[in-house]
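Down below is the structure, laid out as structure tokens.
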Amino acid sequence: DTGVSQDPRHKITKRGQNVTFRCDPISEHNRLYWYRQTLGQGPEFLTYFQNEAQLEKSRLLSDRFSAERPKGSFSTLEIQRTEQGDSAMYLCASSTHWLSSYNEQFFGPGTRLTVL
Amino acid sequence: SQQGEEDPQALSIQEGENATMNCSYKTSINNLQWYRQNSGRGLVHLILIRSNEREKHSGRLRVTLDTSKKSSSLLITASRAADTASYFCATGTASKLTFGTGTRLQVTL
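Below, the structure written as structure tokens:
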């Protein structure tokens, strides 16, 4: 499978716990994005990496959220001290600079987080 | 924040009928894209239209773009049950996509 993969697909946690999600982009893609989607809404941008550099972060990304892409390949998104409002689908996407003019993004299946 | 609104929010049609959904956006764009999302899953890119294009076709999909009205429409012809999904328009820069609120399409047999 050469698509974007995410792990885990589902995560249930108690309020106050930390969680970490992983995203593996399409191998030749140098751009990686994280989005959050709540029920009945479109995805909302969280952050963007080009290679290992985090170039943009949304105001949605509070100080409890941190994302890394240490070697410019896979990425992790960590949420510390989870709150019930963090319950959402977390989507990862990747793209290549060859498409930079048009920014077609390829999405993974998402990680559904439920905070009890 | 969401880029704009999709209209209608929900649409139910019978197999074989055409489905039209509309998208409005707020800012100037380089391109506009449409994505499909099956229930609880990731998004799949359908079609991209550039700001200097007015209409584009891909299989059973037809997209129009009116930059003067900041609006786009997606037409799915001869719908199938497998077209049941949520459809989102998105405008983008190199660093991110900004999505609309989506249209939920239900195609019944």
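The listed protein sequences derive, respectively, from chains F and Y.
All residue numbers for the first sequence refer to the numbering used here, where the first residue is 1 and numbers rise by one.
All residue numbers for the second sequence refer to the numbering used here, where the first residue is 1001 and numbers rise by one.
Positions of the beta carbon are idealized from the N, C-alpha and C atoms, including for glycine.
Note that the structure is predicted; figures quoted are calculated from it, not measured.
- Contact between the region 1003 to 1019 of chain Y and the region 65 to 80 of chain F is absent, with fewer than three C-beta pairs closer than 8 Å.
- Classified as exposed, I12 (chain F) has fewer than 16 neighbouring CB atoms from the shown chains inside 10 Å of its CB.
- DSSP places D63 (chain F) outside both helix and strand once states are collapsed to three, so it counts as coil.
- A straight line joining the alpha-carbon of C1089 (chain Y) with that of C92 (chain F) spans about 18 Å.
- Contact of K1070 (chain Y) with chain F is not assigned, every C-beta pair being separated by 7 Å or more.
- Y90 (chain F) has a beta carbon lying at 7 Å or more from every beta carbon in chain Y.
- Secondary structure of G1100 (chain Y) (DSSP, three-state): coil.
- In the displayed model, G1092 (chain Y) falls within a strand according to three-state DSSP.
- Under DSSP, N18 (chain F) takes part in no beta bridge, so it has no partner.
- Straight through space, the alpha carbons of L1043 (chain Y) and T1101 (chain Y) are spaced by roughly 14 Å.
- Contact annotation: N18 (chain F) and Q80 (chain F) have beta-carbon atoms nearer than 7 Å.
- Sixteen is the threshold: since fewer than 16 other Cβ atoms of the shown chains lie within 10 Å of the Cβ of S1028 (chain Y), the residue is exposed.
- Listed along the chain, the chain F residues whose CB falls inside 9 Å of the CB of S1095 (chain Y) are R31, Y33, F45, Y48, Q50, L55, E56, N103.
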